[in-house]
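**Q** Below you'll find the structure I mean.
2 protein chains.
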Amino acid sequence: MLTQEVRNTLFDVADLNQLKSGLNRLPAVDVGEFITDLSPERRAIAFRILRKDQAISVFEYLPPEIQEELINALHDSQVFQIVEAMRPDDRAELFDELPAIVVKRLLQQLSTAERRATATILGYPEGTAGRVMTTEYVQLRQGLTVEQAIEKIRQADQDKETIYYAYVTDDNRKLMRVVSLRQLLFAQPDTLIRDVASDRLIQARTEMPQEEVAQLMKRYDLLAVPVVDREDRLVGIVTIDDVVDILEEEATEDIQKLAGVSGGDEAALSSPLVTMRKRLPWLVGVMGLYIGAASAIAPFQKVIALVPVLAVIMPIFSNTGGTVGIQALTVTIRGLGVGEVTPKDTLKILRKEILAACGTSLSLGLTMIGLSLIWAPPKDRWVAFAAGLVMAINVFVAVTLGTLLPMAMKRLKLDPAMISGPLLTTMLDAIGFIIFLSLISLALKVFPI
Amino acid sequence: MLTQEVRNTLFDVADLNQLKSGLNRLPAVDVGEFITDLSPERRAIAFRILRKDQAISVFEYLPPEIQEELINALHDSQVFQIVEAMRPDDRAELFDELPAIVVKRLLQQLSTAERRATATILGYPEGTAGRVMTTEYVQLRQGLTVEQAIEKIRQADQDKETIYYAYVTDDNRKLMRVVSLRQLLFAQPDTLIRDVASDRLIQARTEMPQEEVAQLMKRYDLLAVPVVDREDRLVGIVTIDDVVDILEEEATEDIQKLAGVSGGDEAALSSPLVTMRKRLPWLVGVMGLYIGAASAIAPFQKVIALVPVLAVIMPIFSNTGGTVGIQALTVTIRGLGVGEVTPKDTLKILRKEILAACGTSLSLGLTMIGLSLIWAPPKDRWVAFAAGLVMAINVFVAVTLGTLLPMAMKRLKLDPAMISGPLLTTMLDAIGFIIFLSLISLALKVFPI
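And the structure:
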């Protein structure tokens with residue numbers, strides 16, 4: 001990463017030559033960050049002085065809105081060179097963000113091969129293997145020897161996203177075997193690749209969700225996985241650098257959905273409007289649900305007027321019960337997210353949660369009784385035992401819902417993280433308050449004060 | 001992954017030969033999973049019939065408790081072969097889990113080279129680059145030509161964790177350059193590697209936290225990163241497969257800490273006792289904090305008895321305010337976790353959060369007034385405006401604390417995820433309740449009912 005100091009030096013020198021040699025020497029990702037932080041006019045200048053190959057690499061590291069800005073600011077021929085040289089998967093990602101009219105113009109200018117590659121990728125739905133794959137891989141015919149294969153890899157286009165795996169196909173492009181460059185280097189030069197390459201294929205289908213592709217590569221420690229269509233024909237590969245991004249994206253999405261931030265991940269530095277759009281729906285939803293929960297309390301106002309210590313006690317078991325529920329919910333959703341558990345483990349997890357809840361329930365219930373005894377005026381002390389009992393029950397309800405709800409979502413093929421923390425705590429509040437206040441009302445009827 | 005069907009077939013055949021050929025053909029990770037699911041006696045049998053090289057690979061995929069069980073069940077000579085052949089980083093991980101006396105015995109039996117490698121790794125604190133690195137990498141001298149370098153890689157031990165990068169060092173083992181196998185293959189055979197290899201070193205120090213190593217490799221799309229000691233001498237490399245695990249582990253830890261699950265990540269299927277140990281401290285802590293919060297309400301019991309609709313309203317703005325706070329907290333902590341923002345962005349983020357809060361605050365405040373008007377009996381309707389006002393204030397307090405607290409933790413070099421959701425909501429409740437009830441008491445004093 002560039003230190004602030006280096007940035008300032010680069011800024012201050014009006015000498016473009018010095019800036020030029022500096023920017024051409026640095027890693028593309030660092031230059032991308034540097035350019036992103038500049039003002040729009042400076043951005044176009046800094047970008048124009050880059051060497052062509054550096055400009056192409058740097059372009060892929062810029063955020064979509066700045067890519068679009070540069071596309072509008074640069075000459076058409078320059079834009080065309082950059083877009084033509086981009087990797088097909090990065091190009092597809094850019095096209096997703098650009099206005100349709102710009103995409104159409106750019107697509108027309110692309111060479112046939114690049115246009116076809118982009119069209120293939122754009123043909124698959126977002127979030128699938130087909131959409132994140134690249135079409136630049138090394139393909140070998142079955143009959144080659146190891147020496148010929150290595151020679152072929154050496155002559156391959158330097159653009160191939162990885163040369164560390166080569167894919168062996170038959171005449172119909174059907175994927176037959178996979179061989180790593182490592183296997184080739186360690187084999188005798190005159191061996192047939194058929195005898196070196198493995199037919200134990202680990203592959204993804206174009207329609208496989210990207211998080212499953214990531215889990216597959218993680219499980220088998222792969223640097224790239226081949227993607228095949230329904231006829232088992234090789235159409236692309238997904239590489240490890242994409243997988244790292246996918247895993248991080250999915251984790252961010254899970255973590256944010258749990259907190260009630262909706263629809264894709266929100267960057268910490270996005271605009272206030274984006275922030276509101278991502279969060280307000282959940283807040284209004286939660287408040288809406290709370291209308292139900294609070295309507296459950298509203299009829300009990302007389303009881304509360306009689307025993308005001310209830311207003312002190314209720315927030316405690318609401319908050320603590322909510323925490324218990326969120327703990328179980330989070331562990332379950334994360335377990336599903338990293339592929340550690342599946343819905344068929346539901347009973348096993350539930351049994352563990354309920355066993356653990358016995359201890360938790362006892363300790364929280366007793367603490368609740370103790371606390372209520374301290375706060376309640378002498379005449380209301382009996383309330384303490386109802387509070388302890390409801391706290392204990394609440395713990396069981398919380399872990400059960402926290403486990404079963406995401407599992408049920410997963411079984412219904414929905415996103416388990418849609419059961420967010422706020423949704424669960426609201427449900428738990430409603431259940432807890434109704435049980436508690438009903439119990440107190442009943443007691444007041446049987447033994448009127 | 002093995003289907004349940006395949007498992008049953010493998011189980012049912014008493015024919016060990018068939019099981020043997022089946023287990024020797026499958027990927028090691030699948031066999032590891034299969035063996036983990038067996039009963040202890042069957043485990044030892046299944047493991048014994050594996051081919052030696054397969055046994056070594058499979059062993060690395062077994063959970064530590066089963067590794068320990070097998071170490072006790074197998075012959076010493078068998079155990080020794082396996083441990084000797086393990087990768088130094090995996091071996092260090094195993095030794096972490098084993099009783100000290102077993103580790104001592106195993107270390108004594110290792111060859112000098114392997115013992116030294118393990119001791120080096122175990123010498124670094126957990127969670128640092130030194131601890132997760134491996135010492136099996138390809139090292140080249142500066143004077144070689146490309147052809148000689150490729151030949152050297154070909155002759156290298158097949159055990160090297162990656163051969164896709166080679167590291168060029170001087171006579172004092174100081175790291176000078178890095179070259180990828182790709183660069184070597186595309187270069188002229190008689191070029192000096194000095195002229196092909198890059199001196200733009202991206203490297204980690206042994207004491208660098210593992211998550212920073214992961215972020216570094218992610219940023220520069222590296223398959224491996226060299227690790228150097230304080231004298232810039234090459235001591236190991238960290239490979240991408242470890243990074244994928246580290247990133248996932250760190251995400252799980254963040255997500256669980258946010259939900260108040262303490263100390264490392266909890267597996268969805270861990271034992272009830274582990275579950276209790278990880279969660280109860282937070283629950284008791286949260287309840288403890290709530291004693292403070294509730295003590296703030298306790299003195300207001302008379303006010304509540306006079307205006308019981310307060311007990312209906314308070315849980316709503318407690319829950320909604322908590323949700324607002326958790327949203328801001330989560331986005332900030334995740335932003336820090338993936339390295340997207342740093343404490344110097346605090347003001348930028350705070351400005352965005354406060355701008356977004358203006359809209360949120362207005363809509364939630366108005367909703368609150370509406371709801372309170374519906375529930376309150378006619379004489380208490382004035383309370384609605386206080387509720388709306390406090391709700392609006394609460395939103396600003398929530399986003400401010402949700403942003404500033406984790407940033408402050410980060411600045412103090414503490415883990416930002418220690419500010420968990422339950423901790424924040426408890427603080428927000430206390431603040432909200434005190435402001436609200438004080439406001440109401442004041443109003444009642446000025447305009448007694």
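Keeping their order, the protein sequence lines are chains A and B. Each residue of the first sequence is one higher than the one before, starting from 1 at the first, in my numbering. Each residue of the second sequence is one higher than the one before, starting from 1 at the first, in my numbering. Virtual Cβ for every residue (Gly too), placed ideally from N, Cα, C. Model, not experiment: these values are computed from the prediction.
Starting from the C-beta of residue 20 of chain B, find all residues in its chain whose C-beta is less than 6 Å away, skip the five residues before and the five after it, and write them out in chain order.
**A** Counting only Cβ-Cβ distances below 6 Å, and skipping sequence neighbours, we find 49.
**Q** Could you name the residues of the stretch 23 to 38 of chain A whose beta carbon sits closer than 7 Å to any beta carbon of chain B, in the order they occur along the chain?
**A** Hits within the stretch, in order: 27, 29.
**Q** Counting along the chain, where does the alpha helix (DSSP H) carrying residue 142 of chain B start and finish?
**A** No alpha helix (DSSP H) contains residue 142 of chain B, which DSSP labels as neither H nor E.
**Q** With burial defined as no fewer than 16 other Cβ atoms inside 10 Å of the residue's Cβ, what is the status of residue 446 of chain B: buried or exposed?
**A** Flag for residue 446 of chain B reads exposed.
**Q** Select from B:72, B:104, B:79 the residue whose C-alpha is nearest the C-alpha of residue 55 of chain B.
**A** Ranking B:72, B:104, B:79 by Cα distance to residue 55 of chain B puts B:79 first.
**Q** Is residue 1 of chain A helix, strand or coil when you go by DSSP?
**A** Confidence in residue 1 of chain A is poor, its pLDDT being 47 and thus under 50, which makes the residue's placement unreliable; the coordinate value appears in the next sentence. Note: residue 1 of chain A maps to coil in three-state DSSP.
**Q** The alpha helix (DSSP H) spanning residue 398 of chain A covers which residue range?
**A** Where residue 398 of chain A is concerned, the enclosing alpha helix (DSSP H) stretches over 383 to 411.
**Q** In angstroms, rounded to a whole number, what distance separates the CA positions of residue 130 of chain A and residue 120 of chain B?
**A** When rounded, the distance between both Cα atoms is 44 Å.
**Q** Output the distance between the C-alpha atoms of residue 190 of chain B and residue 175 of chain A, rounded to the nearest integer angstrom.
**A** Each residue's alpha carbon lies about 36 Å from the other.
**Q** Note the first and the last residue of the continuous alpha helix (DSSP H) segment covering residue 427 of chain A.
**A** Note, residue 427 of chain A: alpha helix (DSSP H), 421 to 446.
**Q** Within its chain, find whatever has a CB closer than 6 Å to the CB of residue 422 of chain B; leave out the 5 residues flanking it on each side and keep chain order.
**A** Same-chain partners within the cutoff: 260, 286.
**Q** How many Å lie between residue 241 of chain B and residue 416 of chain A at the Cα?
**A** Distance between the alpha carbons of residue 241 of chain B and residue 416 of chain A is about 27 Å.
**Q** With a 10 Å radius around its C-beta and 16 neighbouring C-beta atoms as the bar for buried, classify residue 327 of chain B as buried or exposed.
**A** Residue 327 of chain B should be labelled buried.
**Q** Looking at C-beta atoms only, is the number of pairs between the stretch 216 to 224 of chain B and the stretch 232 to 248 of chain A that lie closer than 8 Å three or more?
**A** At 8 Å Cβ cutoff, the stretches touch.
**Q** If you drop the 5 nearest sequence neighbours on each side, which residues of the same chain put their C-beta closer than 6 Å to that of residue 4 of chain A?
**A** Note that residue 4 of chain A has pLDDT 49, beneath the 50 cutoff, so the model's placement of it is unreliable and the number below is only indicative. If we look at residue 4 of chain A and ignore the five residues flanking it on each side, it has no Cβ neighbours.
**Q** Report the rounded CA-to-CA distance for residue 141 of chain B versus residue 239 of chain B, giving the unit in angstroms.
**A** Straight-line Cα distance between these residues: approximately 22 Å.
**Q** Would the beta-carbon of residue 403 of chain B fall within 8 Å of that of residue 342 of chain B?
**A** No, these two residues do not count as a Cβ contact at 8 Å.
**Q** Return the Cβ separation of residue 357 of chain B and residue 369 of chain B in integer angstroms, given the expectation that the two are a contact with Cβ distance under 8 Å.
**A** Going by Cβ atoms, the distance from residue 357 of chain B to residue 369 of chain B rounds to 18 Å, so no, they are not a contact pair.
**Q** Distance check for residue 375 of chain B and residue 293 of chain B, CA to CA, integer angstroms please.
**A** Roughly 25 Å separates the two Cα atoms.
**Q** Can you check DSSP and say which residues form a bridge with residue 234 of chain A?
**A** Residue 234 of chain A pairs with A:228.
**Q** For residue 427 of chain B versus residue 401 of chain B, is the C-beta spacing smaller than 8 Å?
**A** Their beta carbons are under 8 Å apart, which means residue 427 of chain B touches residue 401 of chain B by this criterion.
**Q** So which of A:234, A:39, A:172 has the shortest CA-CA distance to residue 178 of chain A?
**A** Looking at the Cα atoms, A:234 is the closest of the given residues.
**Q** Report the rounded CA-to-CA distance for residue 413 of chain A versus residue 322 of chain A, giving the unit in angstroms.
**A** Rounded to whole angstroms, residue 413 of chain A to residue 322 of chain A spans 26 Å at the Cα level.
**Q** Could you check what DSSP says for residue 290 of chain B in three-state terms: helix, strand or coil?
**A** It is helical.
**Q** Select from the stretch 274 to 286 of chain B all residues with a C-beta closer than 8 Å to any C-beta belonging to chain A, and list them in chain order.
**A** Flagged, chain order: 275, 276, 279, 280, 282, 283, 284, 286.
**Q** Assuming contact is defined by CB atoms lying nearer than 8 Å, are residue 267 of chain B and residue 335 of chain A in contact in what I supplied?
**A** Cβ distance < 8 Å, so residue 267 of chain B and residue 335 of chain A count as in contact.
**Q** Could you please give the first and the last residue of the uninterrupted alpha helix (DSSP H) stretch that includes residue 120 of chain A?
**A** Where residue 120 of chain A is concerned, the enclosing alpha helix (DSSP H) stretches over 112 to 122.
**Q** Can you name the residues of chain B whose CB is closer than 8 Å to the CB of residue 271 of chain A?
**A** The answer, in chain order, is 352.
**Q** Compile a chain-ordered list of the residues in the stretch 232 to 249 of chain A whose CB is closer than 8 Å to at least one CB of chain B.
**A** Listed by position along the chain: 240, 241, 243, 244, 245, 247, 248.
**Q** Can you check whether the CB of residue 146 of chain B is closer than 8 Å to the CB of residue 166 of chain B?
**A** No; because the gap between Cβ atoms is not below 8 Å, this pair is not in contact.
**Q** With three or more beta-carbon pairs closer than 8 Å as the criterion, would you say the stretch 90 to 105 of chain B touches the stretch 66 to 75 of chain B?
**A** Judged by Cβ distances under 8 Å, the stretch 90 to 105 of chain B makes contact with the stretch 66 to 75 of chain B, as three or more pairs qualify.
**Q** Looking at the structure shown, is residue 176 of chain B part of a helix, part of a strand, or coil, going by DSSP?
**A** Residue state, collapsed to three classes: strand.
**Q** Taking the continuous alpha helix (DSSP H) assigned at residue 196 of chain A, which residues delimit it?
**A** Here the alpha helix (DSSP H) through residue 196 of chain A covers 193 to 196.
**Q** Looking only at C-alpha atoms, which of A:132, A:310, A:31, A:34 sits nearest to residue 386 of chain A?
**A** The candidate whose alpha carbon is nearest that of residue 386 of chain A is A:310.
**Q** Would residue 392 of chain A pass as a contact of residue 362 of chain A if the rule is Cβ separation under 8 Å?
**A** It is a contact, given that the beta carbons lie within the stated cut-off.
**Q** Have a look at residue 209 of chain A and residue 170 of chain B and give me their C-alpha separation to the nearest angstrom.
**A** About 47 Å.
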